[in-house]
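Enquirer: When we follow my numbering, the leftmost residue of the sequence shown carries the number 863, and every step to the right adds one. Dumping the structure here so I can ask a few things about it.
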Amino acid sequence: MRAPMPTAAALFILTGCVATPELRPSPGAQVLQGDANAAKAATDGIVLVADGTAWKGTPKNLERSFTPVYIQVENRGDRPVRIEYGAFSLVGTVSRFRYAALPPLSLNDTLNSVQQGTGGSGSAAGFSSGWGLGRYRRFGVGSYMGPFFPDPYYYGYQCQEPLPTQDMLQKALPEGTLEPGGTMTGFLYFQGVGHREGQVVLQARLVDAESGEPLGTLDIPFQVRKG
């Protein structure tokens, strides 16, 4: 007797055909020449570049649980800049809800996964323009500090392997002090926005690493597209 053909719903579940949200620069964003997926903003000698499509590591379906954004911060000014996760957020254009950037080592607690991540692609994601590292005092990838309000959709589309993976830790933006003339790149992992927002703004509120004085706020608008 022939086995019954699987239904469309069963195929959907088995293959994991869930739309994967991506951030693309909104109309009016200052898009990088030669890279339509990345946009930039600048103030007082600080240049922020961001790409919401750059994740190519393990897990491949990370965007179903979190929103990874690859950024570069370049300090062309004369004051040291403090780089920390609390300075970055995604703000819903309509909801005005602020989605936090999560320290990578907190992701295992967030999704009840084991402490040690697995998986490594051996490849590094980056922008087509080719960015290098500069003067930077590294503090590390950080531990979880502060409350986390999870997206209720997380638990339907979790990655199947424990988080964070080695790729996520190795490619994360480290916290520390970016000295004048320096450049730092890496991924920020935000609370998922794909099932709540149609447009968001990446916001960076940077301060002087020595005095704590605000250096300005950088905004880059993005559209949320479901691939």
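All residues carry an ideal CB built from backbone N, CA and C; glycine is no exception. Please read these numbers as outputs of a predicted model, since none were measured by experiment.
Could I get the ranges of all uninterrupted beta strand (DSSP E) runs contained in the stretch 1057-1088, with 3 residues as the minimum, in chain order?
Expert: 1061-1070, 1076-1088, all fully within the stretch 1057-1088.
Enquirer: In this structure, how does DSSP classify Gln-895 when only helix, strand and coil are distinguished?
Expert: In this structure, Gln-895 counts as coil in the three-state DSSP scheme.
Enquirer: Applying the criterion that 16 or more other CB atoms from any shown protein chain within 10 Å of the CB defines a buried residue, is Glu-925 buried or exposed?
Expert: Classification for Glu-925: buried.
Enquirer: Do Trp-1052 and Leu-952 have their C-beta atoms closer together than 9 angstroms?
Expert: According to the sequence as given, residue 1052 is Phe; it is not Trp. Their beta carbons are under 9 angstroms apart, which means Phe-1052 touches Leu-952 by this criterion.
Enquirer: Check the DSSP bridge columns for Lys-902 and list the partner residues they point to.
Expert: Beta-bridge pairing links Lys-902 to Gln-892, Val-911.
Enquirer: By DSSP's criteria, Arg-958 is part of a beta bridge. Which residues make up the other side?
Expert: None, per the DSSP bridge assignment.
Enquirer: Please go through the same chain and pick out, in chain order, the residues whose beta-carbon is closer than 6 angstroms to the beta-carbon of Ala-1034, but skip the five residues on each side of it.
Expert: Hits under 6 angstroms: Pro-966, Val-1003, Gly-1048, Phe-1049.
Enquirer: Does Ser-927 pass the burial test, meaning 16 or more other C-beta atoms within 10 Å, or should it be called exposed?
Expert: Buried, because 16 or more other Cβ atoms sit within 10 Å of the Cβ of Ser-927.
Enquirer: In three-state DSSP terms, what is Arg-926?
Expert: Arg-926 falls in the helix class under three-state DSSP.
Enquirer: Under three-state DSSP, which class holds Pro-966?
Expert: Helix.
Enquirer: Pick helix, strand or coil for Ala-916, following the three-state DSSP scheme.
Expert: Ala-916 falls in the coil class under three-state DSSP.
Enquirer: From the beta carbon of Phe-959, is the nearest beta carbon of chain C less than 9 angstroms away?
Expert: No chain C is part of this structure, which consists of one protein chain only.
Enquirer: List the endpoints of the continuous beta strand (DSSP E) containing Leu-1050.
Expert: Taken as a continuous stretch (DSSP letters only), the beta strand (DSSP E) holding Leu-1050 covers 1045-1053.
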